[in-house]
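Trainee: What the sequence shown shows, in the UniProt record's numbering, is residues 1 to 157, in sequence order. Ideal Cβ positions, reconstructed from N, Cα and C, are used throughout, including at glycine.
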Amino acid sequence: NGKNVVRFPGTVCVFVHRIRPQLPREKIEGCHICTYVMPGEPQVILGKDKAFTYDFVFDMDCQQDAIYSTCTEKLIEGCFEGYNATVFAYGQTGSGKTYTMGTGFDVNIVEEELGIIPRAVHHLFKGIEERRQVAQEQGRPVPEFKINAQFLEVHTP
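Next up, the structure:
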C-alpha cells in the first residue's frame, strides 16, 4: 500500500512516479505502450526484455494522493524534527513531471489532482498550525518556525 515505505535520514530512495497513460493523440496515431510494471515488484519492463528495479514504482492508474503519501508525507513530517528533505523529479519531456509535482498552476484544478508541491506546502503550514495550537492549549510557549523552500525547474533544449 506504499505507506510502509521506510526512509532513514541521509538515504536516497528512487521512485518511478507513474508510468503515464497514453495521450489521446498517441492513441489516435496507434502508438503502443512500451512499458510494463511487474505486479508486486518495484520493477519496470521496457520493451520485451529490459528490466529496471527501483525502490517503488507507480503504474498508470496511481492517484496523486497515493504518490504524495508514499514519497513525500514522511519527508515533510521529518522536517518538523529538523531534517532537510529534497524531492527531485527527473525525466524526459512529456513524461509527467510537471503534473506529478503539481507545478502546472491550473486555476481549475480539483483537489485530487494536486501534485507534490501544493500538497507539501499545505502539509507544512497545517503542521505548524497544529503544533502551535497544541502548545497553546497545553500552556507551553508557542513554537516559532522558520521555513526555507526552494523550487527550481530546468528546461534543456
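(1) Report buried or exposed for GLN64, applying the criterion of at least 16 other Cβ atoms within 10 angstroms of its Cβ.
(2) Taking a contact to mean a Cβ-Cβ separation below 8 Å, would you say PHE88 touches THR70 in this structure?
(3) ILE19 to TYR83, Cα distance in whole Å?
(4) Tell me the residue span of the beta strand (DSSP E) that contains PRO124.
(5) Counting only runs that start and end within the segment 32-89, where is the alpha helix (DSSP H) found for 4 or more residues in a row?
(6) According to the neighbour-count rule (16 or more other Cβ atoms, all chains shown, within 10 Å of its Cβ), is MET60 buried or exposed?
(7) Does the separation of the CB atoms of THR35 and LEU46 fall below 8 Å?
(8) Let's test the definition: count the other Cβ atoms within 10 Å of the Cβ of PHE15 and tell me whether it reaches 16, buried, or not, exposed.
(9) Between which residues of its own chain and GLU153 is the CB-CB distance below 7 Å, once the five residues before and five after are set aside?
(10) Candidates PHE151, GLN136, ARG132, GLN138: which alpha carbon is nearest PHE145's?
(11) For the alpha helix (DSSP H) containing GLU26, name the first residue and the last one.
(12) Roughly how many angstroms separate the alpha carbons of VAL6 and VAL121, rounded to a whole number?
(13) Enumerate in chain order the residues of its own chain whose CB-to-CB distance from residue 160 is below 6 Å, with the five nearest sequence positions on each side excluded.
(14) Name the DSSP bridge partner or partners of VAL107?
Mentor: Looking at the coordinates:
(1) Buried, since its Cβ has 16 or more Cβ neighbours within 10 Å.
(2) No, the Cβ-Cβ distance between PHE88 and THR70 is not below 8 Å.
(3) Going by the C-alpha atoms only, they are around 30 Å apart.
(4) Reading off the sequence shown, one finds Leu at residue 124, where the question assumed Pro. Here LEU124 belongs to no beta strand (DSSP E); instead the alpha helix (DSSP H) covers 116-137.
(5) Those alpha helix (DSSP H) runs which fall completely within the segment 32-89 and span 4+ residues are 64-71, 73-79.
(6) Classification for MET60: exposed.
(7) Yes, they are a contact pair.
(8) Within a 10 Å sphere around the beta-carbon of PHE15 sit 16 or more other beta-carbons, which makes this residue buried.
(9) If you ignore the 5 residues before and after GLU153, its C-beta comes within less than 7 Å of the C-beta of THR103, all in its own chain and listed in chain order.
(10) The option with the nearest alpha carbon to PHE145 is ARG132.
(11) Unbroken alpha helix (DSSP H) run through GLU26: 24-28.
(12) Interpretation of VAL6 is limited by its pLDDT of 48, a score under 50 that renders its predicted location unreliable; the figure taken from the coordinates is listed afterwards. Cα to Cα, the separation comes out at about 22 Å.
(13) What is shown of the chain runs 1 to 157, which leaves residue 160 out entirely.
(14) DSSP, once it has assigned bridges, lists no residue as partnering VAL107.
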